[in-house]
Amino acid sequence: MFLSALYRYPVKSGQAQSLVDSPVDLLGLRGDRRWMVVEQDNGRFLTQRAWPGLGQINASYDEHGQLLLQAPGQAPLAVPVPGVDDDLRGVTIWRDTLRVPDAGDAAAAWLSELLGKSVRLVYCPEQRARYLPNGYGLNSDRAAFPDGFPLLLIGQGSLDELNRRIGRPMEMLRFRPNLVVEGAAPFAEDGWKRIRIGELTFRLLKPSVRCILTTLDPATGERSADREPLTTLKTFREKEGDVLFGQNVAADGPGALRVGMAVEVIE
1 MFLSALYRYP VKSGQAQSLV DSPVDLLGLR GDRRWMVVEQ DNGRFLTQRA WPGLGQINAS
61 YDEHGQLLLQ APGQAPLAVP VPGVDDDLRG VTIWRDTLRV PDAGDAAAAW LSELLGKSVR
121 LVYCPEQRAR YLPNGYGLNS DRAAFPDGFP LLLIGQGSLD ELNRRIGRPM EMLRFRPNLV
181 VEGAAPFAED GWKRIRIGEL TFRLLKPSVR CILTTLDPAT GERSADREPL TTLKTFREKE
241 GDVLFGQNVA ADGPGALRVG MAVEVIE
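The end of the sequence shown is residue 267 by UniProt numbering, with every number in the run present.
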């Protein structure tokens, strides 16, 4: 088994970046979902579930470590990383509330124009990161702005089996993984508790519950008329009302990953 792909999403619900290698820090892949778009009035987070225009955001990091925002029809914008205590804004992501730095008026105006809604962009420094959901992980585990966990792992064999059942290919990026593992049987990852990739070890904490976001084409933002892949997933991956695909993961410490590294199941 080996690591066949690495993805990060600098802005929550924005486009994926395919990486060859990446440092891993306390919050997962360095730079992954450290930025989030929130409503200007109440700080509530926005995602493609209700705002598919977020999928037009192509975010990356420039040579100075600034966030570079790009989208069709808009001039690129470089956003400096705010300081840990700069212009703190109260935000809500699911059941979590926290105070994090606001990224400034230029970023807010750029995103508000793109979405046609008054929004702000916020940043999550490591010192202000969230704890994981109750009952999962260690006290030292933290997450920035993913739905709940630092990393998401999916086996390529699992997607291949899903596609076989659907009868047409679904893109891996519909499921927004960070780590893709090739060479394992379909859904083998369901039985893993700990794995090693290169020098790093990881804990698999819980299955990932899937939502309507998986029915959006990652390239166009169009929703599939037949609600695939959720329709087929419900036929064989539903448990107690939740549709499960992929595993939420936390790293045991800092290090680095590179595509092609061997994956070993420890437990």
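In this text, a Cβ means the ideal position worked out from N, Cα and C, and glycines have one as well.
A quick note: this is a predicted structure, and the numbers were derived from the prediction, not measured.
| Item | Value |
| --- | --- |
| Rounded separation between Thr1 and Gly198 - CA only | The amino acid at residue 1 is misidentified as Thr; the sequence shows Met. Roughly 12 Å between the two C-alpha positions. |
| Cβ-Cβ separation, Leu230 to Thr215 (assumed contact under 8 Å), whole Å | 6 Å |
| Reference Ala129; option with closest CA among Ala143, Gly157, Gly137 and Gly28 | Ala143 |
| CA nearest to the CA of Gly246, picked from Leu69, Val79, Arg174 and Met36 | Arg174 |
| Segment contact flag, the region 237-251 with the region 147-156, C-beta cutoff 8 Å, min 3 pairs | yes |
| Contained beta strand (DSSP E) runs [length at least 3] in the region 135-194, N- to C-terminal order | 151-155 and 179-182 |
| Heavy atom of the ligand NAP within 8 Å of Leu121 beta-carbon | Of ligands this structure carries none, so the ligand NAP is not represented either. |
| Beta carbon of Leu19 nearer than 9 Å to that of Leu27 | no |
| Rounded C-alpha distance that separates Arg194 from Ala250 | 10 Å |
| Helix, strand or coil at Ser118 [DSSP, three-state] | coil |
| Candidates Val122, Pro218, Ala184 and Arg237: closest to Gly43 by CA position | Val122 |
| Beta-carbon gap between Gly148 and Trp192 smaller than 9 Å | no |
| Among Gly90, Asp105 and Arg176, nearest to Pro10 - alpha-carbon criterion | Arg176 |
| Spatial distance of Glu171 from Asp217 (CA atoms) | 8 Å |
| First and last residue of the uninterrupted beta strand (DSSP E) at Phe245 | Asp242 to Ala251 |
| Strand pairing of Lys239, partner residues [DSSP] | Asp242 |
| is_contact[Gly73, chain B] using C-beta, thresh 9 Å | Protein chains in the displayed structure number just one, and chain B is not present. |
| Val38 and Trp51 closer than 9 Å at C-beta | no |
| Collapsed DSSP secondary structure at Leu111 in the structure displayed | helix |
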